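Counting in the working numbering, the sequence shown runs from 1132 upward without gaps.
Backbone N, C-alpha and C define an ideal beta-carbon position, used for all residues, glycine too.
Keep in mind it's a predicted model, so treat the numbers as computed, not measured.
The structure under discussion appears below in the form of structure tokens.
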Amino acid sequence: WGKLYDVDVICFEASDKIGGLWRYKSTETDESSVMKSTVINTSKELCSYSDFPPEPEMANYMHNTEMLRYFQMYAEHYDLIKHIKFEHKVGNIERASNYETTGRWTVKYTDNNGEEKHDTFDGVLLCTGHHQFPNIPHFEGQEKFNGKIIHSHSYKDHRGYEDKVIVCVGVGNSGVDVAVEMSRVGKQVYLSTRKGTWLFNRVYDYGLPMDQTINCRVVDFARKIVPGSIINYVLERKLNQRFNHELYGLKPKHRLFSAHPTINDELPNRIISGTVRVKPDIKRFTETGVVFEDGSEVEHVDEVILSTGYKFHMNLLESGNVISIKNNRVGFYKYMFPPEFSDHNTFAVIGLMQTVGAIMPAGEMQIRLFYEVFSGGVKLPSREEMEKDVQKKIKANADRYVDSLRHTIQVDFVPFMDELAEAIGCDVKLWEIFKQGPSLAYKVFFGPNSSYIYRLRGPHPWEGAKQAIEGIMPRTLKMSSMKGNKKKVLVVGAGASGLPSIRWALLYDLDVVCFEGSDDIGGLWRYKPMETEESSVMKSTIINSSKEMSAYSDFPPEDTMANYMHNTEMYRYFKMYAEHYDLLKYIKFHYVVKNVERAPDYKTTGKWNVSYVDNEGKEKSEAFDGVLLCNGHHQFPYMPKFEGQEKFKGRIIHSHSYKDHKGYEDKVCVCVGVGNSGIDVAVELSRVAKQAYLVSRRGTWVLNRVFDYGMPLDQENNNRFRNDVLRRIVPPSVTNWFIESKLNQRFDHALYGLKPKHRIFEAHPTVNDELPNRIISGTVRVKPNIKRFTESGVIFEDGTEVDHVDEVILSTGYKFHFTLVEGGKLIPVKDNEVSLFEFMFPLETADHNSLAIIGLIQPLGSIMPISEMQARVFFENLTGGRKLPSKVEMGQNIKCKKMAMEARYIKSPRHTIQVDYIPYMDELAKMAGCEVDLWDEFKKDPIFAYKIFCGPNVPYVYRLRGPHAWSGAKKTIEGVEYRTKLATCGSKMKVMESHCACHNMMMTAVSIIAALILAVILYRIF
């Protein structure tokens, strides 16, 4: 929220990690810590932050490790870690010398090097919790007791308590949790209580989370109109139905809502089985045991664990001299603002309350109020009014609750959240919500009072709030669904195509596993320095598509990542994606697939039997409902034969085996092929070799990554205005002439020996920025095809000869086949020609379409978004969302595509799987139900529709609608230009100044033309 309010924020954290109380510490420490087995008492949906719903797969009541993982995901998602200074311990916070005029604070702290320092801040939020200082009562005879007495603050787990007699004091959540855990290993456990308690289950009616049923607006409304005695009677009766609290020794004298309730699902079972025995308060200790208030005695006790709560103080604030706390009673306005500082309200304590509900959303709401006040959006009452409000709350709590240290900061969840929301200006307006949609209003009123509802309006509303609210019940139920009922899917390969396939399998709630033959993810993009059968980039490879066009649809690359990423950065992006969506746990490394074949019951089930070798070398077989082959098409190098090749004494390799320039220094090298790999190799070797020759049969058109005004080539060309309009209304010959003229303006392709006979769009173009410079400097010399080899050199088709050649690198492409699938019989391949519907689905399996090839395309654009879209089509069909065409229609589609390719492209093995980026993505999007609806976007936001029409066709546009739409899509699309420019110049200021005047004028003209065309198109269509 500091970032959202554009505040320069820094966090001092005394430990070395985030998580606070929820990060389990296995050793004794002054820090607060949960037990090793602690499960949170509030459900995931009600304890989540307002713009970060938990994963559907997360348990409804999360284990502390899952809670910590949620915090880590939140911190990573919003890039918070860089604002945290770990091992920085605050010693004192005091008003600065100029506080009266500025409201500033001086903070003294010890940094991570042990140096004492101080700094001045405009505002301070104290978020250190209230579980630091254990309250340890004293009992008569305690000092004579020979056993061990600890506070639950020091309790970690059950180890060391086996076969011991244990007394657990206190029936709050910690006390009952400890007693239940000890009862499984201890000889006997006694649970001591002074007042008793009402015990709630996490699991409520019909197996739903208790707090989702209780903490909702309709219940809050009922509590306002129904007398408290009646509500207490109804709920106490319901709790006694589960087990009679009096019979079990737990019935308190107070009514249900007169004390903070205890939550535990297992205590009744432990009591009825005798492993936990309930006792009254301890009267006194003996040397070896305990005497209770009812006179009963346990003669031998080994351990006593006191779960007797905590005390808190404000010693960090001006050494405790300003705010005195007695018996845990604090006089803070909204439990956060000390009235003593009401002249500025630049200091607040966050999270110092005991909610009948989750503390995380309440703490977040307090933070929102602080920043609203801090930024001048909200003005708080005077000191007198604050103190009056504080006393009113103290009296209300004293009247309602039994006297206890834990009831001094007690709040009811919904009223307290609403109170803060009203102060902020984000309070719930049911009538306004009803006007937007009665269904949403119903969910808000009758459903759980989640934090998302406070982001529907007010300062910093979240566009994903509505979707998050509507998704509460599906996410809640999803965790409870039986895994055995899910379809089981295998993804083969954890590279650029495999990772999004795993991600989408999870989004479609499938039981997915990925078999990866190597020991890591990344596939082609993970550089392998040693010779291997696996595909691998060169060490220096830079991707040919820009980062925004190569991104997955819900994971934009970091601002600082280069627009054209080095392979190490591309690999890091894959790593981040896999970690962010927790994909690694679904990948089995060193699992090699040997065969995929239709199962005996395939006709009725569509299942596949997969034979594989696991990481221990054992051969196994398993059945799957669906299989996605994501192992790429760069595995089997195509090695042409030349006359005299066998006599040649130099070395001949394929670029598949080329790693880097080392070993090629001062040698004469011949690089065969003018595709991307061939030219990359030639350019690299030209810097170290004695001479590099670049051999081309047909020539090629060479594109720059850097387009006009320094913008990425694909961002400027792969947009809807150019593809949907210009290429439809302008004849191909004109388009070819225009672009070829532009390319020849950079360098004359005929003069440089590269001009092909074919037109620009009749072959896959080559992308390289450096080749012209290497040719003009003579370090690369262009030659026609090799006619024959001599013993020591090469003779070319034009009769020229190089007498001495040391190395020949063949960048002559790849063959692909599908021997993995039924020995190659199911999907026959000849000269790289294959019959697959949308380059994915074999015709023979059109009855189920439960097997697909992902990423077997050669696009005029990036392959990653296409692979992701193919996976979406596959899962949409597999789960029954959308049906694919019939086998006959598929066959016709394959035939039409083949004829179109043959008519357009020169005959070559690389042109059998060629696709144009936008038309193909749109085709798949239509099948996945997420096609771009320009008219719909235009009605909602014309400027945004213009960005989609004239801006780059980034993958995010396909998440604006359809199955699994992403709430962050619009914001991410709007940030494309900013991220692109920032990655280039590295300065926010330079981004603002980046366009020259003439470029602005030209873009304005183009924009007007494009807007007019867009308007005409939409008018004609609709």
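Who are the Cβ neighbours of residue 1389 in its own chain at under 7 Å, not counting the five residues just before and after it? So the list reads 1531, 1532, 1533, once near-sequence residues are dropped.
In this structure, does DSSP put residue 1743 in helix, strand or coil? If DSSP states are grouped into helix, strand and coil, residue 1743 belongs with the strands.
Is the Cβ-Cβ distance between residue 1803 and residue 1826 less than 8 Å? The answer is yes: Cβ separation under 8 Å.
CA-CA distance, residue 1670 and residue 1660? Taking the straight line joining both Cα atoms gives about 8 Å.
Would you list the one or two residues that DSSP bridges to residue 1932? The partner list for residue 1932 (beta bridge, DSSP) reads 1926.
Return the CA-CA distance between residue 2127 and residue 2083, expressed in angstroms with no decimal places. With a pLDDT of 39 at residue 2127, under the threshold of 50, the modelled position of that residue is not reliable, and the figure given next carries that caveat. The straight-line gap from Cα to Cα measures roughly 20 Å.
Can you tell me which of the three DSSP states residue 1598 falls into? In the structure shown, residue 1598 sits in a helix (DSSP, three-state: H, G or I).
Per DSSP, which one or two residues make a beta bridge with residue 1252? Per DSSP, 1236.
If you count every other CB in all the chains shown that lies within 10 Å of the CB of residue 1557, and 16 or more means buried, which is it? It counts as buried.
What separation, rounded to the nearest whole angstrom, lies between the Cα atoms of residue 1703 and residue 1997? Taking the CA atoms as reference points, residue 1703 sits about 20 Å from residue 1997.
Same chain only: Cβ atoms within 6 Å of residue 1809, ignoring 5 sequence neighbours per side: Cβ neighbours of residue 1809 beyond the five flanking positions: 1802, 1942.
Sorted by chain position, which residues of the same chain lie with C-beta nearer than 6 Å to residue 1140's C-beta, five sequence neighbours on each side aside? These residues qualify, in order along the chain: 1133, 1214.
By the 10 Å Cβ neighbour count, where 16 or more other Cβ atoms means buried, how is residue 2132 classified, buried or exposed? Caution is warranted here: a pLDDT of 36 is assigned to residue 2132, below 50, making its placement in the model unreliable, and no coordinate value can be reported.
Among residues of its own chain, excluding the 5 on either side of residue 1844, which ones have a beta-carbon nearer than 8 Å to its beta-carbon? These residues qualify, in order along the chain: 1677, 1834, 1835, 1836, 1837, 1838, 1898.
Rounded Cβ spacing between residue 2055 and residue 1760 (contact assumed at less than 8 Å): Contact between residue 2055 and residue 1760 does not hold, since the beta-carbon distance rounds to 17 Å and is not under 8 Å.
Quick one, which of 1257, 1560, 1293, 1655 has its alpha-carbon nearest residue 1478's? Measuring C-alpha to C-alpha distances from residue 1478 to each of 1257, 1560, 1293, 1655 identifies 1257 as the nearest.
Which ranges does the beta strand (DSSP E) cover as unbroken runs of at least 3 residues, wholly within the region 1136–1207, from first to last along the chain? The region 1136–1207 contains these whole beta strand (DSSP E) runs: 1142–1144.
Strictly by DSSP, which residues pair up with residue 1972? According to DSSP, which records beta bridges pairwise, residue 1972 is partnered with 1968.
Supposed contact pair residue 1234 and residue 1210 - C-beta distance, whole angstroms, cut 8 Å: Between residue 1210 and residue 1234, the beta carbon gap of about 28 Å keeps them out of contact (Cβ cut-off 8 Å).
Could you tell me which of 1289, 1270, 1208 sits nearest to residue 1157, measuring between CA atoms? Residue 1157 has its Cα closest to that of 1289, out of 1289, 1270, 1208.
Does the beta-carbon of residue 1228 have 16 or more other beta-carbons within 10 angstroms, so that it is buried, or is it exposed? Per the 10 Å Cβ criterion, exposed.
Looking at the strands, I want to know which residues DSSP matches up with residue 2154. Shown here, the chain extends from 1132 to 2153; a query on residue 2154 therefore has no answer.
Here's a check: name, in chain order, each residue in its chain whose Cβ is nearer than 8 Å to the Cβ of residue 1247, leaving out the five neighbours to either side. The residues are 1222, 1239, 1240, 1241.
Per-residue burial, residue 1725 [other beta carbons within 10 Å of its own, 16 or more giving buried]: Sixteen is the threshold: since fewer than 16 other Cβ atoms of the shown chains lie within 10 Å of the Cβ of residue 1725, the residue is exposed.
To which residues of the same chain is residue 1396 closer than 8 Å at the C-beta, ignoring the five residues directly before and after it? Contacts found: 1332, 1333, 1334.
With H, G and I counted as helix, E and B as strand and the rest as coil, what does DSSP make of residue 1453? Reduced to three states, the DSSP call for residue 1453 is coil.
With distances taken from CA atoms, which of 1260, 1160, 1284, 1146 is nearest residue 1166? Ranking the options by Cα distance to residue 1166, first place goes to 1284.
Residue 1612, buried or exposed, once every other Cβ within 10 Å from all chains shown has been counted against 16: Unreliable placement is indicated for residue 1612, whose pLDDT of 49 sits below 50; the coordinate value is still reported in the next sentence. Exposed: under 16 other Cβ atoms inside 10 Å.
Grab the span of the alpha helix (DSSP H) containing residue 2070 for me, first residue to last. Note, residue 2070: alpha helix (DSSP H), 2065–2071.
Assign residue 1173 to buried or exposed, taking buried as 16 or more other Cβ atoms, counted over all protein chains shown, within 10 Å of its Cβ. Label assigned to residue 1173: buried.
Between which two residues does the alpha helix (DSSP H) carrying residue 2101 extend? Residues 2100–2105.
Skipping 5 residues on each side, what residues in its chain have a beta carbon closer than 8 Å to that of residue 1784? Within the same chain, residue 1784 has close Cβ partners 1938, 1939, 1940, 1941.
Give me the Cα-Cα distance between residue 1380 and residue 1330, rounded to the nearest whole angstrom. Distance between the alpha carbons of residue 1380 and residue 1330: 12 Å.
May I ask which residues mark the beginning and end of the alpha helix (DSSP H) holding residue 2176? This structure does not reach residue 2176, given that the chain is present from 1132 up to 2153, and the question cannot be answered.
Report all residues from its chain with a CB closer than 6 Å to the CB of residue 1719; omit the five preceding and five following residues, and keep chain order. 1646, listed in sequence order.
Looking at residue 2004 and residue 2052, is the spacing between their C-beta atoms short of 8 Å? Not closer than 8 Å, so no.
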